[in-house]
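Step one of this worksheet: look at the structure below.
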Amino acid sequence: MQGLIGLSKLFALVNASALALGRWLGAACILLMVIFILAQVFFRYVIGLALPWPEEASRFLMLWSAGLMIGTAYRRGGFVAIELLVALLPGLLRHLLTLALLSLALVILWKAWQIGLREVTGLAGRFGTDSLNVPTSWDLSSWRKVPKSWQMSSMLVGIAALISVTLELILREVISALGRRDDLPAISDQVMLGAE
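Numbers 85 to 280, taken from the working numbering, label the letters of the sequence shown in order.
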């Protein structure tokens, strides 16, 4: 039992740290996305010269902000109908239903990981974006299109976070079912480390 509790605390620490970093990076993506959109509005409607890249860069950042922040939303819960149903059940049934739902989620997430990996490493990921380029030399004399796999990788980051959180929640539920819920650290939904 102490091994399970220790493993659960390790998952809690790793997830809390990784998700806090993800929230900061996700917030930075959103800030840059807003800046790019405002730049496009200025150039398109004030100057009359639409830039080719801000819309695609904004989509790229939107996907990454979602991939970086989705684990936090999932870890906090919020599936009201499911939570209400679970809360109405007696102890053992509550734990069994929660474990069944989390296990199903883990199977689905594993399948999503496999699909995402195929997309990132497959043919679609090899094409370049239409208007995003990165320098390939230190003197900025040569550039290449950003591979779509960089954008699709946001999906893998989000799925990895969801898998890690699901594993933590399964461990927590097993420990709770065995009557040791008080030994688990609380999952705080208040502490955002300034990323709120």
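Think of the CB as a built atom: it goes at the ideal place given N, C-alpha and C, for glycine as much as any other residue.
V218 sits exposed, since fewer than 16 C-beta atoms from the chains shown fall within 10 Å of its C-beta. Taking 8 angstroms as the cut-off, the Cβ atoms of I254 and L188 do not count as close. In the DSSP annotation of this structure, the continuous segment of the alpha helix (DSSP H) that includes L180 starts and ends at G175 to T205.
Between the region 103 to 123 and the region 139 to 159 there are three or more C-beta pairs closer than 8 angstroms, enough to call the two in contact.
When DSSP states are grouped into helix, strand and coil, G212 belongs to the strand group.
A direct Cα-to-Cα measurement between V249 and T220 gives close to 37 angstroms. Scanning I271, V230 and S237 for the CA closest to the CA of E140 turns up V230. If you draw a straight line from the Cα of V258 to the Cα of H179, it is about 8 angstroms long.
If you draw a straight line from the Cα of M236 to the Cα of A96, it is about 27 angstroms long.
For a cut-off of 8 angstroms, the C-beta gap from R159 to L94 is around 15 angstroms, too long to register as a contact. Cβ contact annotation for P138 (same chain, cutoff 6 angstroms, sequence separation greater than five): F120, A123 and Q124, in chain order. The Cβ atoms of L268 and S101 lie no closer than 8 angstroms to each other. Per DSSP, the beta-bridge partners of V218 are R228.
Taken through DSSP and simplified to helix, strand or coil, D267 comes out as helix. Judged by DSSP secondary structure, F120 falls within the alpha helix (DSSP H) whose first and last residues are Q86 to V125. R256 is classed as buried because its beta carbon has at least 16 other beta carbons within 10 Å across all chains shown. Here K232 is buried: its Cβ has 16 or more other Cβ atoms, across all protein chains shown, within 10 Å. Rounded to whole angstroms, the Cβ separation of V204 and L240 is 6 angstroms, and the two are in contact under 8 angstroms.
Scanning E167, S142 and G87 for the CA closest to the CA of V118 turns up S142.
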